[in-house]
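This report refers to the structure that appears directly beneath it.
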Amino acid sequence: MYMSFEFLITSLIVVISPGTGAIYTIATGISRGTKASLIAAIACTLGIIPHIFIAILGLAFVFTMSSSVFMILKFLGVTYLLYMAWSTLQEKGSFQFEQNETKHSSLKIIKHAIFINLFNPKLPLFFLAFLPQFISSHTAQPILDMLGLSLIFMLLTLVVFIFYGCFAAMMRRYVLGKPSVLKWLRRIFSMSFVGLSMKLLFSSKS
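Using my numbering, the first residue of the sequence shown is number 27, and each one after it goes up by one.
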């Protein structure tokens, strides 16, 4: 399996972008503390597994088709990144937290976090339309390569979400009072997605 620097950077940007899983983990850290945020981070990561299996099943068919399929995947990947840039800018306002969050059991946190990522629309798009761009068409084992890259993506998700949750738990008294920080982060993430989409558009598949 070949893991490019571009894959790590792209995956990291996708993971750290303010999505539903990250927001829930941060909200849990602020409202319930470090332990609850760790549970949320692990559960959100587990919610990625179904998307991986679906993508692997689809990839088995992709690699038996003509090279035009890869061109389609490339444009889907570009569309996905531009969508991420647009949706990031459209998320206005500050975080909202439930007042009764402290009453939730660990099991409820796990269920909620898993379903958040299970129905996260950006994950199937990433694994089906974007991740195959980093797998060589000449590889003898595309499924194993896909699985390896997916596991790396999951590891990045877990590490980043743990950081989000723990940091939120430590900084809870300051985060709620500074919604402008989130506003600037969204702008930075949006521009990053646009830049990556242009890089993908003018790149060639190895």
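Idealized CB from N, CA, C, for every residue including glycine.
{"Query": "CB of L182 within 8 angstroms of CB of L83, strictly", "Result": "no"}
{"Query": "Residue from A194, S223 and M197 with nearest C-alpha to A155", "Result": "S223"}
{"Query": "Inter-residue Cα distance where the pair is I214 and L133", "Result": "35 angstroms"}
{"Query": "S57 to I178 span [Cα, whole Å]", "Result": "29 angstroms"}
{"Query": "DSSP-derived helix/strand/coil call for G59", "Result": "coil"}
{"Query": "Continuous alpha helix (DSSP H) assignments of at least 4 residues falling wholly in the stretch 109-196", "Result": "132-144, 148-151 and 168-196"}
{"Query": "Cβ-Cβ distance between C70 and I142 below 8 angstroms", "Result": "yes"}
{"Query": "Distance between K61 and F98 (C-alpha atoms, nearest Å)", "Result": "The sequence as given places Ile at residue 98; Phe does not occur at that position. In a straight line, the C-alpha of I98 is about 43 angstroms away from that of K61."}
{"Query": "Buried or exposed (CB count within 10 angstroms, at least 16 for buried), G221", "Result": "exposed"}
{"Query": "Closest residue to L115 among F219, I78, F228 and I75 (Cα-Cα distance)", "Result": "F219"}
{"Query": "Endpoints, alpha helix (DSSP H) assigned at S37", "Result": "F31 to I42"}
{"Query": "Contacting residues, own chain, Cβ-Cβ under 7 angstroms from V40 (five flanking each side not counted)", "Result": "F152"}
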